[in-house]
Every structure is written in C-alpha cells, then in structure tokens.
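*Asks:* Mind looking over this structure? Questions follow.
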Amino acid sequence: MKVITIVGARPQFIKAAMVSHAIHTHNRKNNNQIEELLIHTGQHYDEAMSRIFFQEMCIPTPTWQLNCGNISHGAMTGRMLEEIESILLKEKPDYVLVYGDTNSTLAGALAASKLQIPVAHVEAGLRSFNSAMPEEINRILTDHIASALFCPTKSAVEQLKNEGILNGVHHVGDVMYDAALTFGKIAEQSSPILQSLKLNRKQFRLCTVHRAENTDNQERLTGIFRAIEEIATEDYPVVLPLHPRTKVCLERFGLTSQNPYLRIIPPVSFLDMILLEKHAFTILTDSGGVQKEAYFHQTPCITLRNETEWVETVAAGWNQIAGYEKENILNCIASIPTIREEIVDYGTGKAAERIISLL
Ligand code: UDP
Numbered sequence: 003m004k005v006i007t008i009v010g011a012r013p014q015f016i017k018a019a020m021v022s023h024a025i026h027t028h029n030r031k032n033n034n035q036i037e038e039l040l041i042h043t044g045q046h047y048d049e050a051m052s053r054i055f056f057q058e059m060c061i062p063t064p065t066w067q068l069n070c071g072n073i074s075h076g077a078m079t080g081r082m083l084e085e086i087e088s089i090l091l092k093e094k095p096d097y098v099l100v101y102g103d104t105n106s107t108l109a110g111a112l113a114a115s116k117l118q119i120p121v122a123h124v125e126a127g128l129r130s131f132n133s134a135m136p137e138e139i140n141r142i143l144t145d146h147i148a149s150a151l152f153c154p155t156k157s158a159v160e161q162l163k164n165e166g167i168l169n170g171v172h173h174v175g176d177v178m179y180d181a182a183l184t185f186g187k188i189a190e191q192s193s194p195i196l197q198s199l200k201l202n203r204k205q206f207r208l209c210t211v212h213r214a215e216n217t218d219n220q221e222r223l224t225g226i227f228r229a230i231e232e233i234a235t236e237d238y239p240v241v242l243p244l245h246p247r248t249k250v251c252l253e254r255f256g257l258t259s260q261n262p263y264l265r266i267i268p269p270v271s272f273l274d275m276i277l278l279e280k281h282a283f284t285i286l287t288d289s290g291g292v293q294k295e296a297y298f299h300q301t302p303c304i305t306l307r308n309e310t311e312w313v314e315t316v317a318a319g320w321n322q323i324a325g326y327e328k329e330n331i332l333n334c335i336a337s338i339p340t341i342r343e344e345i346v347d348y349g350t351g352k353a354a355e356r357i358i359s360l361l
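All residue numbers for the sequence shown refer to our numbering, where the first residue is 3 and numbers rise by one.
As structure tokens, this is what we get:
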C-alpha cells in the first residue's frame, strides 16, 4: 500500500510524526506493508518553524520539497494544488493523508479527490463556527471530500453527523495526545530551555499568538500585547515565543515594550515548547494545539479568541475563553481554575496506531 502524506505547517509536522512512527512500527511487524512518501509544501519553511521538527521528531525526509510559502491564500493553495496534482499523477498512491486545517490540508485533499484518490483526514470534524477563520473553510471542505475521517473527539464525530457525513468516520483519539505522552518524557530529559531562560518551575507564564484574526487586527493585537505586558512581572515573567507572522504585525503596528519581564524569543522546538507548557504557571494562547497541550500537561489555559474548537477543555474547567480585550484577559488571569476534570475523549495515546490499522 502506498500512502502520500502532505504536510506544510508546524502543527502538521507534529501530528504526522506520530503517524509516521506508527507506520514504521507496523512495517517492522508486517514486512514493510506500507510505503509512505512525504510532500512538504513549504508553507512553513525555515529552521525554527520546520527543520527542527523533522530533526527532533525523526520525521522521514520529504521526498518532495515544494516552495509554496509566504504568498496569499489563493496563490498558495493554487500553487500547491498544481504541484501536488502532478506528483499524485505520477505516484498513484492508494491514499493521501492530510492533517488539520491549513492551506496544505485543503490543497492536498482537493488534488487527490479530483484524481479519485481516497483522502484520509486526520483531525476531522473540528469546528469553530467562525467562518472568518481561513482554517474553518479548510476543515469543512476537506471533511466533505475525505473518505476516511479520523476524529480526535466524540463531539467531532457528532458534528460530522450533523453535516450528513456518516461513512468512513472513526473516533480514534488525538494524535497530539500521543505526541504529548511520547515527547513529554523526552523533553524532561533533554530540553535545556528552563535553565537557558533562567525560569523557575511554575513561576512564569507562557504565551503564543499567531491566528490571523488576532495578528492582522490592530485593535486585537494591541489588546493582547498590552495585557501580557501588564502581567509580566519579576515573580511571573511572560515568555512569548514569537511566530514569524506575529513579529511582522507587531512591527507594522509599532507595538513594542520596555518591560524586561516580557521575554520575547524566537519560536522554540517542540521539546522546548513541551517543557515550557509543563512548567508554566498559566498559558495564554490562540493556538489550537497549545490549548490542548495545556490540558494534557495540567497547566491552566486562557484562550485569546472568542471561541474554540476544543470545547472539551472548556467543559473540563481548564480553559477560559478570554477573547482579545485587555480587561477580559486580566480578569481571567485573576481567576485561574484549580479543578481539572478528566477528559477521556482524547484517547489513550494510541490514536496513530488506530489510524494505521483502520487504513
Ligand atoms: N509549538 C512549538 N514551538 C513554538 C510554538 C508552538 O513547538 O514556538 C508547537 C505547540 O507545542 C503545538 C503546535 O506547535 O504542538 C501548535 O502549532 P500552532 O500553534 O502553530 O498551530 P495550531 O495548533 O494553532 O494550528
């Protein structure tokens, strides 16, 4: 069986790593039954956003490295579509595997489905119900053309049912939970980030911001930036690994800070990120993945958006939806939860294994 995996952005490298490891394990026991080839679309392309993840998580080297980063949504998706189609025509895989909700996900799914190659979507059925998010469009369209839909949660399965998608839907658990378990232990042993940033356990806050709805909107980005600047103190500094898009937007809006306890650093590797997440006192984020990892690693989370796809983390009392206004964010900081209900929905750390056996 030949599978072509399509990735392009940071969260996809992490998810695909887990499935690639499961393929590798399956192949050892089953005489190399699955041939996996990888297309990297180049949506994220530099050392900090891409290469480090391939090294650290031992992801197979991409067979095809495209160069579709840093252009507008339409141009990016169009260019990917054309290049992926020509690869699929030559390789004729049995399945195309796509992950999450980026332009790479949509382009891969669209190219494959037009050639009648079955598409498997990992992280299917997630919805924010905010159609202004490019990711929401990508998810909905991908789910409606996929033939295998691997859902991380039961609510994702329900959502697909509501949209009339019943065939090929499987609740497998969350591959990000697999990643948190696998790399959580390794991070404790190998990441030097706490020492190198001189951070004490549970005495700092971690923040990430990269959603276009926040970065591209001056009012929103200002609200968030001023809030984190205000909460950054000597006792609780704020560490902000800065996404390249956010860097550009902070500069464009002239947002700078003289507060030495707001520690703006380049994006960090996955192992460093896990260690920061585990040992932060609180996490503030607009990332989908980081909200869940906050839950996995038992660190309270404040979400810098008006809604979330990961509704279970809110129901579990561990994630507060703050939006982008400074006062709301400060109110959430003042009322950090202490009780965290257990969510069984995310699986047992064997989601990738389930995906491979179902395929
Ligand atoms: N992440 C990382 N380094 C960073 C910031 C995030 O390794 O500097 C990881 C994070 O732990 C999570 C994933 O990247 O696993 C989330 O990606 P991102 O926030 O870019 O995308 P989203 O999850 O919102 O789609």
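We put the CB at the ideal spot given by N, CA and C, even for glycine.
(1) Identify the residues that DSSP records as bridge partners of TYR101: which are they?
(2) When you compare each of TYR326, ILE8, LYS163, GLU58 to PRO95 by their alpha carbons, which one comes out closest?
(3) Using a Cβ-Cβ cut-off of 7 Å (strictly less than) and excluding sequence neighbours within five positions of ALA11, which residues of its own chain qualify?
(4) Decide if PRO194 is buried, meaning its Cβ has at least 16 other Cβ atoms within 10 Å, or exposed.
(5) Using 10 angstroms around the beta-carbon of PRO302, count the other beta-carbons present and answer buried if the total reaches 16, otherwise exposed.
(6) If contact is defined by three or more beta carbon pairs under 8 Å, each pair taking one atom from either stretch, is the stretch 172–184 in contact with the stretch 149–160?
(7) Contact check, HIS28 vs PRO64 under 8 Å by CB: the rounded distance?
(8) Runs of 4 residues minimum, wholly inside the stretch 32–70: which ones carry the alpha helix (DSSP H) assignment?
(9) In angstroms, rounded to a whole number, what distance separates the CA positions of LEU68 and GLU85?
(10) I need the straight-line Cα distance from GLU344 to GLN293, nearest angstrom please.
(11) Mind checking whether the beta-carbon of PRO243 lies closer than 6 Å to any heavy atom of the ligand UDP?
(12) Starting from HIS173, follow the beta strand (DSSP E) in both directions and report where the run begins and ends.
(13) Taking 8 Å as the limit between beta carbons, can you name the residues of its chain near ASN169, skipping five residues before and five after?
(14) What number of angstroms, rounded off, separates the C-alpha of ALA354 from the C-alpha of PHE206?
(15) Just mark MET3 as buried or exposed, buried being the case when its beta carbon has 16 or more other beta carbons within 10 Å.
(16) Got a sec? Which residues, its chain only, sit under 6 Å from THR244 by beta carbon, not counting five neighbours each side?
(17) Kindly list the residues whose CB is nearer than 8 Å to the CB of LEU332, restricted to its own chain and excluding five residues on each side of it in sequence; keep chain order.
(18) DSSP state of VAL292, grouped into three classes?
(19) With which residues is LYS4 paired in a DSSP beta bridge?
(20) Which residue or residues does DSSP assign as beta-bridge partners of PHE152?
(21) Would you list the one or two residues that DSSP bridges to THR284?
(22) Are the C-beta of ARG53 and some C-beta of chain B separated by less than 7 Å?
(23) Just to confirm the assignment, what range does the beta strand (DSSP E) spanning VAL313 have?
(24) Check the C-beta distance from TYR101 over to GLN14 and give it rounded, since I have them as a contact under 8 Å.
(25) Per DSSP, CYS303 forms a beta bridge with which residues?
(26) Going by the C-beta, is PRO13 closer than 6 Å to any heavy atom of the ligand UDP?
(27) So what does DSSP say about PRO243, is it helix, strand or coil?
(28) Between the alpha carbons of GLY110 and ILE73, how many angstroms are there, rounded?
(29) Please tell me whether, using a cut-off of 6 Å, the distance from the CB of VAL270 to the nearest non-hydrogen atom of the ligand UDP is below it.
(30) Taking the DSSP output, what are the residues bridged to ARG265?
*Replies:* This is what the structure gives:
(1) Locating residue 101 in the sequence shown gives position 99, counting from the first residue. Answer is VAL124, bridged to TYR101.
(2) Residue numbering aside, residue 95 sits at position 93 when the sequence shown is read from its first letter. Considering only alpha carbons, the answer is ILE8.
(3) On the sequence shown, residue 11 is found 9 positions in, with the first residue counted as 1. So the list reads GLN45, HIS46, THR104, SER106, once near-sequence residues are dropped.
(4) As a working note, residue 194 is residue 192 in the sequence shown. PRO194 is exposed by the Cβ-count criterion.
(5) What you label residue 302 is simply residue 300 of the sequence shown in a count that begins at 1. When all chains shown are included, PRO302 counts as buried.
(6) yes
(7) One-based indexing of the sequence shown puts residue 28 at position 26. One-based indexing of the sequence shown puts residue 64 at position 62. With a Cβ gap of about 20 Å, HIS28 and PRO64 do not count as contacting.
(8) Taking only runs of at least 4 residues, the alpha helix (DSSP H) segments lying wholly in the stretch 32–70 are 54–58.
(9) Translated into positions along the sequence shown, residue 68 becomes position 66. Translated into positions along the sequence shown, residue 85 becomes position 83. Cα to Cα, LEU68 sits roughly 8 Å from GLU85.
(10) Here residue 344 refers to the residue found at position 342 of the sequence shown. Here residue 293 refers to the residue found at position 291 of the sequence shown. Straight-line Cα distance between these residues: approximately 15 Å.
(11) Working through the sequence shown from its first residue, we reach residue 243 at position 241. Result yes, Cβ under 6 Å from the ligand UDP.
(12) By 1-based counting over the sequence shown, the position of residue 173 is 171. That run of the beta strand (DSSP E) goes 171–173.
(13) The residue given as residue 169 occupies position 167 in the sequence shown. So the list reads SER149, once near-sequence residues are dropped.
(14) To locate residue 354, count along the sequence shown from 1; it is residue 352. To locate residue 206, count along the sequence shown from 1; it is residue 204. Going by the C-alpha atoms only, they are around 33 Å apart.
(15) Walking along the sequence shown from the start, residue 3 turns up at place 1. Classification of MET3: exposed, given that the 10 Å Cβ count is below 16.
(16) By one-based count along the sequence shown, residue 244 stands at place 242. The amino acid occupying residue 244 in the given sequence is Leu; Thr does not appear at that position. Counting only Cβ-Cβ distances below 6 Å, and skipping sequence neighbours, we find ILE266.
(17) The residue you call residue 332 lines up with position 330 of the sequence shown. For LEU332, where only same-chain residues beyond five positions count, the Cβ hits under 8 Å are ALA229, GLU232, ILE233.
(18) Taking the first residue of the sequence shown as position 1, residue 292 is located at position 290. Helix at VAL292.
(19) For the purposes of this step, residue 4 is identified with residue 2 of the sequence shown, where counting begins at 1. Beta-bridge pairing links LYS4 to GLU37.
(20) The count along the sequence shown starts at 1 and reaches residue 152 at position 150. According to DSSP, PHE152 bridges with VAL124, HIS172.
(21) The residue you call residue 284 lines up with position 282 of the sequence shown. For THR284, which the question treats as bridged, DSSP gives the partners ARG207.
(22) Absence of chain B from the displayed structure is noted, only one protein chain being present.
(23) Stepping through the sequence shown from its first residue, residue 313 is reached at position 311. Here VAL313 belongs to no beta strand (DSSP E); instead the alpha helix (DSSP H) covers 313–317.
(24) As a working mapping, residue 101 is identified with position 99 in the sequence shown. As a working mapping, residue 14 is identified with position 12 in the sequence shown. About 4 Å separates the two Cβ atoms, so the contact holds.
(25) As a first step, residue 303 is located in the sequence shown; it is residue number 301 there, counting from the start. Bridge partners of CYS303: ILE285, ASN321.
(26) Taking the first residue of the sequence shown as position 1, residue 13 is located at position 11. For PRO13, the shortest separation between its Cβ and any heavy atom of the ligand UDP lies below 6 Å.
(27) Along the sequence shown, read from residue 1 onward, the residue named residue 243 stands at position 241. PRO243: strand per DSSP, three-state reduction.
(28) Working through the sequence shown from its first residue, we reach residue 110 at position 108. Working through the sequence shown from its first residue, we reach residue 73 at position 71. If I take the Cα positions, the gap works out to 17 Å.
(29) Taking the first residue of the sequence shown as position 1, residue 270 is located at position 268. Indeed, a heavy atom of the ligand UDP lies less than 6 Å from the Cβ.
(30) Walking along the sequence shown from the start, residue 265 turns up at place 263. Per DSSP, VAL241.
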